[in-house]
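This report refers to the structure that appears directly beneath it.
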Amino acid sequence: MKPGTPPLQSIRLLDQVRERIRYLHYSLSTEKLYVYWVRFFIRWHGLKHPRDMGAKELEDFLTMLATERKVSASTHNQALSALLFLYREVLGVNLPWLDNINRPTRARRIPSVLTKNEVAGLLAVLDGEPALLARLLYGTGMRLMEGMRLRIKDVDFDRHVIIVREAKGNKDRVVMLPCSLAPALRLQMLAARATWEADRQAQRVGVQVPDALSVKYPRLGQTWGWFWMFPSPTLSTDPRSGIERRHHLYEERLQRSLKQAVVRAGIVKPVSVHTLRHSFATHLLQSGTDIRTVQELLGHSDVSTTMIYTHVLKVAAGGTASPLDALLA
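In this note's numbering, the protein residues as written are 1 to 329.
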């Protein structure tokens, strides 16, 4: 084990993977993915223990994913990250061959972006909470889960800002609160307040809060400020603790609503919830916003990530005349 890393208490390998992931405060989605790939790796090699396998077995598995399963570069990298985590963090193996395994390069694709008219048409056919969420994501550039996990205390109506907590890379950032959304968000807050008060009267367990705070302040999850802006209408069981509590709105609700709205709006481009974020960045750059400002609003660590939207602008601008037009003229 690495210096300062506590010894594992679990006996079964997959439980050890879960234990180490939770110790390092990785997300639940990462935990599920890593456990999936470790289990897949072991079963593909006939239930052979990873300690008894080495570089050849790992390379054979990754080759199978690329040649037989034909997985994408991102999925290939995901599997490799899970197996490297298994050997380095769980088994305590740090051999030279681990550093010699090459990662496939991921091609940089120009993202699908909607025009302003297409965004307006898409938002017009949405209703209810999905409509408010879609407007919020487009109006602030937040990712799907950043909007879903929004808490009451992080919406500042006086300064017209929203604080995004524990975003990608476990970083916080500040985004604008669109003035046109303030009345709808206030109504949403009143609806959330009614749900919160019903939970308090029923003496239900509070919402999930970061682990360190839940230990230091056990009743923090029951306070109004930490309640979800978009609470789920039903209770659910926490997959890690087994406690029944109120979670935020299920993310697939917006994904399904948006998919149906794309059809009704007659949009033929590939559209996902993340397309709203791409459109937000592109439209800001089109209006003359500085790229460094867009970088901060999106939460990108490197401006080169934000630069992809300048390529979108080049395609969308169409400023260069085709020689065919000159010929026909």
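Don't be surprised by glycine CBs; every beta carbon is placed ideally from N, CA and C.
Keep in mind it's a predicted model, so treat the numbers as computed, not measured.
8 Å contact criterion, which residue i and residue j should meet: CB distance rounded
{"i": "residue 161", "j": "residue 176", "result": "6 Å"}
{"i": "residue 62", "j": "residue 80", "result": "6 Å"}
{"i": "residue 283", "j": "residue 112", "result": "Going by Cβ atoms, the distance from residue 283 to residue 112 rounds to 14 Å, so no, they are not a contact pair."}
{"i": "residue 173", "j": "residue 248", "result": "At roughly 19 Å, the Cβ-Cβ gap does not stay under 8 Å, so residue 173 and residue 248 are not in contact."}
{"i": "residue 38", "j": "residue 14", "result": "7 Å"}
{"i": "residue 286", "j": "residue 313", "result": "7 Å"}
{"i": "residue 226", "j": "residue 292", "result": "Not quite, the Cβ-Cβ distance comes to about 32 Å (not below 8 Å), so this is no contact."}
{"i": "residue 205", "j": "residue 220", "result": "Residue 205 to residue 220, Cβ: 12 Å. No contact."}
{"i": "residue 114", "j": "residue 269", "result": "7 Å"}
{"i": "residue 251", "j": "residue 137", "result": "Rounded, the Cβ-Cβ distance is 11 Å, inconsistent with contact."}
{"i": "residue 51", "j": "residue 91", "result": "6 Å"}
Local Cβ density within 10 Å of residue i, reported as buried at 16 or more and exposed below that
{"i": "residue 199", "result": "buried"}
{"i": "residue 299", "result": "buried"}
{"i": "residue 191", "result": "exposed"}
{"i": "residue 118", "result": "buried"}
{"i": "residue 333", "result": "A question about residue 333 goes unanswered here, because the residues of the chain that appear run from 1 up to 329."}
{"i": "residue 159", "result": "exposed"}
{"i": "residue 229", "result": "buried"}
{"i": "residue 5", "result": "exposed"}
{"i": "residue 244", "result": "exposed"}
{"i": "residue 207", "result": "buried"}
{"i": "residue 303", "result": "exposed"}
{"i": "residue 83", "result": "buried"}
{"i": "residue 24", "result": "exposed"}
{"i": "residue 146", "result": "buried"}
{"i": "residue 73", "result": "exposed"}
{"i": "residue 124", "result": "exposed"}
{"i": "residue 326", "result": "exposed"}
Opening and closing residue of the beta strand (DSSP E) in which residue i lies
{"i": "residue 236", "result": "231-237"}
{"i": "residue 176", "result": "173-176"}
{"i": "residue 164", "result": "161-164"}
Simplified DSSP assignment, three categories, for residue i
{"i": "residue 15", "result": "helix"}
{"i": "residue 247", "result": "strand"}
{"i": "residue 256", "result": "helix"}
{"i": "residue 142", "result": "coil"}
{"i": "residue 154", "result": "helix"}
Neighbour flag for residue i against chain D, beta carbons, 9 Å
{"i": "residue 183", "result": "In the structure shown, chain D does not exist; there is a single protein chain."}
Residue interval of the alpha helix (DSSP H) (run including residue i)
{"i": "residue 278", "result": "273-286"}
{"i": "residue 43", "result": "28-44"}
{"i": "residue 189", "result": "182-201"}
{"i": "residue 292", "result": "291-298"}
{"i": "residue 167", "result": "Counting along the chain, residue 167 falls outside any alpha helix (DSSP H), and DSSP gives it neither H nor E."}
{"i": "residue 60", "result": "55-67"}
{"i": "residue 52", "result": "Here residue 52 belongs to no alpha helix (DSSP H), and DSSP marks it neither H nor E."}
{"i": "residue 223", "result": "Careful: residue 223 lies outside any alpha helix (DSSP H) and carries neither H nor E."}
{"i": "residue 118", "result": "116-124"}
{"i": "residue 269", "result": "Note, residue 269: premise wrong, no alpha helix (DSSP H); not H, not E."}
{"i": "residue 25", "result": "Careful: residue 25 lies outside any alpha helix (DSSP H) and carries neither H nor E."}
{"i": "residue 72", "result": "Counting along the chain, residue 72 falls outside any alpha helix (DSSP H), and DSSP gives it neither H nor E."}
{"i": "residue 305", "result": "303-306"}
{"i": "residue 211", "result": "211-216"}
- Quick one: any contact between the region 164-183 and the region 141-156, if contact means 3 or more CB pairs under 8 Å? yes
- Message: Under 8 Å, with one C-beta from each stretch per pair, do the region 255-269 and the region 181-192 reach the 3-pair mark?
- Response: no
- Query: Can we say the region 120-131 touches the region 161-173, given the rule of at least three CB pairs closer than 8 Å?
  - Reply: no
- Message: Does the region 266-285 come into contact with the region 218-238, if we say contact requires no fewer than three beta-carbon pairs (one atom in each stretch) closer than 8 Å?
- Response: Judged by Cβ distances under 8 Å, the region 266-285 makes no contact with the region 218-238, as fewer than three pairs qualify.
- Are three or more beta carbon pairs between the region 48-68 and the region 20-33 nearer than 8 Å? No: the two stretches stay apart, fewer than three of their Cβ pairs being nearer than 8 Å.
- Can you find at least 3 beta carbon pairs, one from the region 39-48 and one from the region 248-256, that sit closer than 8 Å? no
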